[in-house]
Amino acid sequence: MVKLGIKYPLLLLPVFDQINSTVQGLIGTPNQLSRGEKTTMQEALLQISNHFCDYERQTTFVAEIVAEGRQQWMTMAPALKSPRDFIHFVGLD
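Per UniProt numbering, the sequence shown starts with residue 1, numbered consecutively.
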């Protein structure tokens, strides 16, 4: 899928919404895709979305893709404020 997204993004662009809904359905179903497969499918969607020629649409799509990782990062952010906070976070104090 990634190779197709890289080599033929303009061919896949008209059916992007169908591909996206299928991928989101697979991602939403537990135990359907491994973490690596999920990431690979999202990478393919990002490759295709690079050809939207619509900044707002692409920005919205990228925000949807990175939302889960952003949330995880934001929950860890307080632990990285200082070395003391990090040591406490990992349980070494």
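We put the beta carbon where it would ideally sit given N, CA and C, even for glycine.
Quantities reported herein were computed from a predicted structural model and do not represent experimental measurements.
When we look at the beta-carbon of residue i and count the other beta-carbons within 10 Å, is it buried (16 or more) or exposed?
i: S82; result: exposed
i: L12; result: buried
If contacts are defined as beta-carbon pairs under 8 Å, then residue i and residue j qualify, I think. What distance do you get, rounded to the angstrom?
i: I65; j: L46; result: 7 Å
i: Q42; j: S49; result: Incorrect: roughly 10 Å between the Cβ atoms, too far for contact.
i: F89; j: A79; result: 3 Å
Starting from residue i and walking both ways along the alpha helix (DSSP H), at which residues does that stretch end?
i: Y8; result: Element bounds for Y8: n/a, residue is neither H nor E.
i: H88; result: 83-90
i: residue 94; result: Residue 94 is absent from the model: the chain starts at 1 and stops at 93.
i: Q58; result: 55-76
i: L46; result: 35-49
Would you mind working out which of the options sits nearest residue i, comparing C-alpha positions?
i: K3; options: Q24, T40, S21; result: T40
i: G5; options: A44, V62, F61; result: A44
i: Q24; options: F86, K38, A79; result: K38
i: L10; options: P30, L33, F52; result: F52
i: G28; options: E68, D54, A63; result: E68
i: F61; options: M1, K7, Y8, D17; result: D17
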